[in-house]
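Input: a single structure, listed below in structure tokens.
In the numbering used here, the protein residues as written are 1 to 200.
Okay, here's the thing in structure tokens:
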């Protein structure tokens, strides 16, 4: 059975960059947020449940969930976010378990999730890695890449655990702050897991 590493970090922390480096090292990566989006697009039952919770106008003319409209609702209201997560997270978990079984012949696999701790997905992993970066730098990155407003980004940040809480929960911290070199750290983690079965 493959060792499972959970990777998380706040919005704009560099999770995608880190996971892309692991992919280059031939490590399978399960991207929970992308899987969740795919489930919302392809699962008619889930679409009906989301429509029942948030109103029929949450679906577009093709019957697909309007994710921008949904995000506008849930990132302003914690209760609505919890309701959405209660529908989506079990489906993501089931997909991950199937995926991990298919990739069990690898030395280790990665689950990448923005809310790894908040969702409880960290309980499916053996080790967790937190990617950190200064908040102002994270906001700048997202504004540049997604064209999102500062208020919208701060709203999303406020719906996640504060950085200090995630630091307490994580097994390993990767600093993506232009002061630390993360590629040597990732290569070291990869070597340690392959040779010793642990990340340090």
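We put the beta carbon where it would ideally sit given N, CA and C, even for glycine.
> Helix, strand or coil for residue 143 per DSSP?
Replying inline: In this structure, residue 143 counts as helix in the three-state DSSP scheme.
>> Strictly by DSSP, which residues pair up with residue 75?
In response: Paired residues: none, contrary to the question.
>> Could you give the first and the last residue of the continuous beta strand (DSSP E) run that contains residue 196?
In response: Taken as a continuous stretch (DSSP letters only), residue 196 belongs to no beta strand (DSSP E), being part of the alpha helix (DSSP H) at 182 to 196.
> In whole angstroms, what is the alpha-carbon distance linking residue 59 and residue 2?
Replying inline: A direct Cα-to-Cα measurement between residue 59 and residue 2 gives close to 39 angstroms.
> Mind checking if residue 31 is an interface residue toward chain C, Cβ cutoff 9 angstroms exclusive?
Replying inline: The structure shown contains no chain C; it is built from a single protein chain.
> Taking the runs of the beta strand (DSSP E) that are 3 residues or longer, which of them lie wholly in the region 101 to 132?
Replying inline: As far as the region 101 to 132 is concerned, its whole beta strand (DSSP E) runs of at least 3 residues are 108 to 112 and 127 to 132.
> Is residue 7 helix, strand or coil when you go by DSSP?
Replying inline: Here residue 7 sits in strand by DSSP.
> Going by the CB atoms, is the gap between residue 11 and residue 182 shorter than 9 angstroms?
Replying inline: no
> Is the number of C-beta pairs between the region 91 to 104 and the region 28 to 39 that are closer than 8 angstroms three or more?
Replying inline: yes
> Would you call residue 191 buried or exposed, if buried means 16 or more other Cβ atoms sit within 10 Å of its Cβ?
Replying inline: exposed
> Quick one: is residue 105 buried, meaning 16 or more other Cβ sit within 10 Å of its Cβ, or exposed?
Replying inline: exposed
>> Rounded to whole angstroms, what is the Cα-Cα separation between residue 19 and residue 57?
In response: Rounded to the nearest angstrom, the two C-alpha atoms are 35 angstroms apart.
> What does a CB cutoff of less than 6 angstroms around residue 64 pick up in its chain, not counting 5 residues either side in sequence?
Replying inline: Correct list, in chain order: 41.
> At which residues does the alpha helix (DSSP H) containing residue 148 begin and terminate?
Replying inline: From DSSP, residue 148 is part of no alpha helix (DSSP H); its letter is neither H nor E.
> Is DSSP giving residue 18 helix, strand or coil here?
Replying inline: helix
> What residue range is occupied by the uninterrupted beta strand (DSSP E) comprising residue 173?
Replying inline: 172 to 175
> Among 50, 88, 51 and 73, which has the Cα closest to the Cα of residue 34?
Replying inline: 88
>> Please report the straight-line C-alpha distance between residue 28 and residue 76, rounded to a whole angstrom.
In response: 34 angstroms
> Taking the alpha-carbon positions, what's the residue 196 to residue 139 distance?
Replying inline: 37 angstroms
>> At the level of alpha carbons, what is the spacing between residue 159 and residue 81?
In response: 9 angstroms
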